[in-house]
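A quick write-up on the structure given underneath.
There are 2 protein chains.
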Amino acid sequence: MDITALREAHPEHWKTAAAIRALALDAVAAAKSGHSGMPMGMADVATVLFGKHLKFAPKQPHWPDRDRFILSNGHGSMLLYSVLHLTGYEQASLEELKNFRQWGYRTAGHPEYEEMEGVEATTGPLGQGISMSVGFAIAEEHLRARFGPKVMDHRTWVFAGDGCLMEGVSHEACALAGMQQLGHLTVFFDDNRITIDGTTDLADKTNQIERFEAYGWHTQSIDGHDPEAIDAAIEAAKADPRPSFIACRTHIALGHKAQDTAKGHGALTDMEQLQAAKDAYGWTGGPFEVPDDVKKTWEGFGERGTQAHAEWHERLQALSDSRRKEVERIFHGEPPKALAGRIRALKKQAVEAGHEVATRKSSEMVLEVVNPAMKETIGGSADLTGSNNTLTSDLGVFDPSNRKGRYIHYGVREHGMAAAMNGMALHGGVRPYGGTFMCFTDYARGAMRLSSLMGVPVVYVMTHDSIGLGEDGPTHQPIEHMAMLRATPGLLTFRPADTVETAEAWEIALNQKSTPSVLALSRQNLPPVRKTHSNKNLVAQGAYVLVDTDRKREVILMASGSEVAVALAARDILEGAGIGTRVVSVPSMELFRQQEERYRKRVLPSGPVRIAIEAGVRQPWDWLLLGERGREAKAGFVGMDRFGASAPAEVLYEKFGITGEAAAAKARELLG
Amino acid sequence: MDITALREAHPEHWKTAAAIRALALDAVAAAKSGHSGMPMGMADVATVLFGKHLKFAPKQPHWPDRDRFILSNGHGSMLLYSVLHLTGYEQASLEELKNFRQWGYRTAGHPEYEEMEGVEATTGPLGQGISMSVGFAIAEEHLRARFGPKVMDHRTWVFAGDGCLMEGVSHEACALAGMQQLGHLTVFFDDNRITIDGTTDLADKTNQIERFEAYGWHTQSIDGHDPEAIDAAIEAAKADPRPSFIACRTHIALGHKAQDTAKGHGALTDMEQLQAAKDAYGWTGGPFEVPDDVKKTWEGFGERGTQAHAEWHERLQALSDSRRKEVERIFHGEPPKALAGRIRALKKQAVEAGHEVATRKSSEMVLEVVNPAMKETIGGSADLTGSNNTLTSDLGVFDPSNRKGRYIHYGVREHGMAAAMNGMALHGGVRPYGGTFMCFTDYARGAMRLSSLMGVPVVYVMTHDSIGLGEDGPTHQPIEHMAMLRATPGLLTFRPADTVETAEAWEIALNQKSTPSVLALSRQNLPPVRKTHSNKNLVAQGAYVLVDTDRKREVILMASGSEVAVALAARDILEGAGIGTRVVSVPSMELFRQQEERYRKRVLPSGPVRIAIEAGVRQPWDWLLLGERGREAKAGFVGMDRFGASAPAEVLYEKFGITGEAAAAKARELLG
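Note that the protein sequences, when read in sequence, are chains Z and G.
Just so we're aligned, residue 98 is where the first sequence starts under my numbering, counting upward by one.
Just so we're aligned, residue 98 is where the second sequence starts under my numbering, counting upward by one.
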């Protein structure tokens, strides 16, 4: 690569872009870890994008109508931190850059959402950023249709590498984006032909242009170091109604000895080679030094959006009061005032009706009252709409012909759905929920972990939550999934037992601002367990006494979801034998854990034998069975310790011994 | 669709294919659940494939050189069961078909590996079958190169639907197949344009032909109901050196009222409509009745391979003794006799050297002695070769120019890698292991669950197994992953503490025939904890006393992997304060669970305070802390209850309080 020729062809651009390269080199060298090569390769594209096109205002980092920039190849975090620093984001101080990857600083190894303003999403697990961007673009399309372009009219820009494109989730999300014709989405592919193991063709010879054309995208191939070509490609992308894919031929670690090698992908810490690269750039500043004129140029980029923001603010103020308040409410993530009353009314109705209902159906009943009052919900399913019961009558389908639609047919794409929902929630102004079979949390797991890590209030509607699914067999029967979800920090899980608990779980989930929720719902009909109406949301306590005993309390049965009915049956048997038995419903372990110790002791006093019943593995129940510090009780578990089988649900419960009889027998055995 | 025209165009073929359609209709109607439409749509392709091309012998279902048929759209299981029944597989009896989806029968809702001979893989979770097939084809290519085409020369055939193609894992695996030019792999795409939610274009408009061309596949589009076109396409696929993708335009639920509708995807149980479809087919048999001539035709197909099998058997016998025995050994999954001695020698060396080594590096040391003695291993990594330490000096890289290579650069494709490894293990004759960062078990989870469910001895080499990963930050730091893996039935997990434990873990993993293993390995260097050599494999007990006390035993510290050193540090502090302390190393909870109660009680007697230390969530430790039945001990945990952070590893351990001091303090607090 002839660096001199590049410098001379566009001297002003070159100097500006070199600031990114120099800062990335300095920060990685200081940290002695990280990835220098990607920022050095993509600096030119970033400079043209931030310099001429991106609509952003560093002093207004939360401006709802800003463009979003997503660094999907998040290991190149120093590119983002550099640009945020240079353009004037307060949280991206020089001090931060100097302490890249250190404890207590915002400059984490990979960009972390909410650690630093301007970081729109946590990225690093490859493929997630590009897939979330599809959700950003969906949110923007929908809100533009809802409120008009004066309120919402911006773009989503993505940097993605070979890794992002190899990951399966990018296939799911990008095929969806093509079908949905998300014209405000542009992906820059960092086509540097280098991966960690060596040249990309060691593992991949995909023609990415043909691939994205097959999805229905607008595609271009350009020289990623030619600012004029980059600018022209961006203009062409803007002019096309399809999502745009721009393959940018770049050189990783441009100008460094490690250029175009796998070594260039990692941390370039040799100080002599580092200096040689800076010399080649014509960069004279010392470590972390940016010449005044270059800094001024970047600050000018940062000021470009100030006017646009002011104009937008004026337009917002010119809206009718109710309309403006609605925009503000949905971007603050506040549920509407009407929600609580509607949930209460539904609970009352459900108690009065007393029907046997599958909780997936209960969930639909809740959504039927929620969605008309909460216009920011966007529902969907990974091709299981009729099974997940996620589509309500008023939503309409979101597609290119109906941007006001609020229901998305995600296709058979659980991971892509989860990532897109993350993107929507990050964008704000919409509240996504989406369904699949609980077993396919396996597929969505990569994005679900990010929901939890970022703290975005996505709601996962996971139906068919146990062997109660029946004949579809062990491939489709969750066993270990509640354990997996409950082990995940920052995630709220709910396994409601009937319609009332389902309504309460939804109410809690829809009130979250920074926590994702999973609703584990039954395929099979369940008898109502809440027989009297209470205005209070009992699920909010995580676990509560559902039925107590008049006798001496010898046994406490704990259960969640469909097994609460099993616990009630066991109680009947035990009480019939004169054994005093309490039943505790445990819809949400995380919420129970958050209760005061006094409350927890009241629900689960020491002494009585404890039996937990759940059609899944025992692992998450041990702390409730045995107490945080042990010695609290004799304890037993009725559940699964193997995969399921294919047969009708009631047969499986019988064969696997998850019955009132079995639970009662276990209690008696422990009573001795 | 003009059924009459179809019937008349190819009357013999039609009658033969109609048997699949009739049996599928009957079985689903009897079960009142399942999927009728797919078998009805793909019956013609199946008939031509099994009738003219597939190399199989129902009486020799385990013949190593048979062709493999994978039903990736596994919900159409009745197609497979029908064909296996018709061609004469013993386990696919009429009785089985009549009890489709019932308890105690082999005809599960989705095909389950080892439930029925002829079912080559468990499928149903969409995308897995097509992705496993890539592993089947890799195994065949490699073994053909190793032993020559007289021993190994067969093909892998796959049926896949829209759902399989939408799933991300199919992207990962099929792009790899294209790069690898797996010419013996053919995929028939059931292009029926219907999904559960409705027409496919609700969610997808991908041009699949263009997509597979972008991957480098040979592609064709045909009428999936025209037997001549099907036959010609198969011939063309065979003649081409690339993997082949044949888009078969079909009609779901052909000839039924529900044809070409989403309803046709599910269970067609209306008996009147069912009869009307049979009438349209010209099918006169009652439920589960197959006319003799049709049965005879199918049995003829089943006999086609008998001769080929006999010839193969003769060729096998003609091999040299050692060569034949090697083929037999690797297909029986027996490790070579040399393995045990080599592992022992390495253990001895490691104890003598006493080096601080990261267990990922220990793993490489093990592989360096294993791979030359165990020629059936096929290693790989999802583009983290240098980090996972999975490539040893003797392997060579498997690619189109070197089929004898035993190392696969999987690319950034964790899910595809796991699925391909499942396929290789199912094929037999090879023993796959593959690496990625432990955190990306999230991505591979869908296939890892199938490893466990099918019981295939894949080895997952998961490095960077905790906050010990350091600066890459919380996106890359496993917290809940050991919980998730330990909760999964049928999976062996190992978290070894040093080189000796790593060698023992590998030895156990390589001796498995029907259990997958996960090795959780550290990024950071660890001090040796096993200071004296023992021929015995202590990891095989799951947990064991590493160091005991001469004092009265007041505290038991339990730990795994990198935290065993932390436990030893805590013991020093406690013993220094006169508190008798035992340290128990827990490399494998599953193996400890399998020990006799007597042994378990000896390792963990009641009485002493128990502290567990692991840089992950507490959930999987509770049963060890508290005892299966509670009341055993006061207990505490030192570990993680939140996501990690980006900083050097030693800083993170300090900040999150996973230190000897913290563990010692916790023990004292509980001692009161």
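The C-beta atom is built at its ideal place from N, Cα and C for all residues, glycine as well.
**Study point:** Proximal residues of chain Z, C-beta to C-beta of G/GLN199 below 9 Å
**Key:** GLU568, SER743, ALA744, PRO745 and VAL748
Practice item. Per DSSP, which residues does Z/ALA732 bridge with? Please list them. Key: Z/ARG707
Review point. Thinking just about the alpha-carbon of each residue, which of G/GLY265, G/LEU151 and G/LEU273 is nearest to the one in G/GLY215?
Key: G/LEU151
Exercise for review: Would you verify that the beta carbon of G/LEU413 is, or is not, closer than 7 Å to some beta carbon of chain B?
Suggested key: Within the model displayed, chain B is absent; protein chains Z and G are what it includes.
**Study point:** Z/MET514 versus G/SER230: straight-line alpha-carbon distance, rounded
**Key:** 25 Å
Review point. What number of angstroms, rounded off, separates the C-alpha of G/ALA407 from the C-alpha of Z/THR316?
Key: Going by C-alpha positions, G/ALA407 is about 54 Å away from Z/THR316.
Exercise for review: Flag this pair as yes or no: are the beta carbons of G/SER838 and G/ILE227 separated by less than 7 Å?
Suggested key: The structure shown does not extend to residue 838 of chain G, since chain G spans only 98 to 769, so no value can be given for it.
Check your understanding: Is the CB-CB distance between Z/THR489 and Z/ASN468 below 7 Å?
Key -> yes
Practice item. Might you give, ordered along the chain, the residues of its own chain that have their beta carbon closer than 7 Å to the beta carbon of G/LEU103, omitting 5 neighbours on each side? Key: TRP111 and HIS322
Check your understanding: Of all the residues that make up the region 691–706 of chain Z, which are near chain G by a beta-carbon distance shorter than 7 Å?
Key -> Of all residues in the region 691–706 of chain Z, none is placed with a Cβ closer than 7 Å to any Cβ belonging to chain G.
Exercise for review: May I ask you to list the residues that DSSP assigns as paired with Z/CYS271?
Suggested key: Answer is none; Z/CYS271 lacks a bridge partner.
Practice item. Check the Cβ-Cβ distances between Z/TYR378 and every residue of chain G, and say whether any is below 7 Å. Key: no
Check your understanding: Ends of the alpha helix (DSSP H) at G/ARG739?
Key -> Unbroken run through G/ARG739: none, as it is neither H nor E.
Point to revise | Rounded C-alpha distance that separates Z/LEU436 from Z/PRO575 | key: 32 Å
**Study point:** Nearest to Z/PRO338 (by Cα), restricted to the options Z/MET518, Z/ALA128, Z/GLY313 and Z/TYR186
**Key:** Z/GLY313
Point to revise | With 16 other Cβ atoms within 10 Å as the buried cut-off, status of Z/LYS763 | key: buried
Check your understanding: Any heavy atom of the ligand GTP closer than 6 Å to the Cβ of G/LYS152?
Key -> In the structure on display, the ligand GTP does not appear, and there are no ligands present to speak of.
Review point. What's the call for G/SER703, buried or exposed, on a 16-neighbour Cβ count within 10 Å?
Key: Classified as exposed, G/SER703 has fewer than 16 neighbouring CB atoms from the shown chains inside 10 Å of its CB.
Practice item. Consider the Cβ of G/ARG421: report whether some Cβ of chain Z lies at a distance smaller than 7 Å. Key: So no, G/ARG421 is outside the interface.
Point to revise | Where Z/TYR378 sits in the DSSP three-state scheme | key: helix
Review point. Which residues, in chain order, does the region 280–306 of chain Z contribute to contact with chain G at a C-beta distance below 9 Å?
Key: Within the region 280–306 of chain Z, the residues whose Cβ lies closer than 9 Å to some Cβ of chain G are THR292, ILE293, ASP294, GLY295, THR297, ASP298, LEU299, ALA300, ASP301, LYS302, THR303, ASN304, GLN305 and ILE306, listed in chain order.
Review point. Any beta-carbon of chain Z closer than 7 Å to the one on G/LEU589?
Key: no
Check your understanding: What residues match up with G/LEU282 in a beta bridge as DSSP calls it?
Key -> Paired residue(s): G/THR253.
Review point. Leaving out five residues before and five after Z/GLY677 in sequence, what residues of the same chain have Cβ atoms less than 6 Å from its Cβ?
Key: THR646, ARG648, LYS649, ARG650 and GLU651
Check your understanding: Going along the region 496–521 of chain G in order, which residues come within less than 9 Å of chain Z, judged by CB to CB distance?
Key -> Those would be ASP496, ILE505, HIS506, TYR507, GLY508, VAL509, ARG510, GLU511, HIS512 and GLY513, in chain order.
Check your understanding: Does DSSP classify G/TYR504 as helix, strand or coil?
Key -> strand
Check your understanding: Shortest alpha-carbon distance to G/PRO624 belongs to which of G/PHE309, G/ARG441 and G/SER459?
Key -> G/SER459
Point to revise | DSSP state of G/TYR210 mapped onto helix, strand, coil | key: Assigned with DSSP and collapsed to three states, G/TYR210 falls in coil, not helix or strand.
Point to revise | Per-residue contacts from Z/ASP738 into chain G (C-beta, under 9 Å) | key: PRO586
**Study point:** Inter-residue spacing [alpha-carbon to alpha-carbon] between Z/GLU211 and Z/MET551
**Key:** 8 Å
Practice item. Compute the Euclidean distance between the alpha carbons of G/THR101 and G/PRO384, then round it to the nearest angstrom. Key: 22 Å
Exercise for review: Would you please verify whether the beta carbon of Z/TRP720 is less than 7 Å from any beta carbon of chain G?
Suggested key: yes
Check your understanding: For Z/VAL642, which residues does DSSP report across the bridge?
Key -> Z/VAL681
Point to revise | 7 Å Cβ cutoff, G/ARG542 in contact with chain Z | key: yes
Point to revise | C-beta neighbour in chain Z for G/SER130, strict 7 Å | key: yes
Practice item. Tell me, please, whether the CB atom of Z/GLU187 is closer than 7 Å to any CB atom in chain G? Key: no
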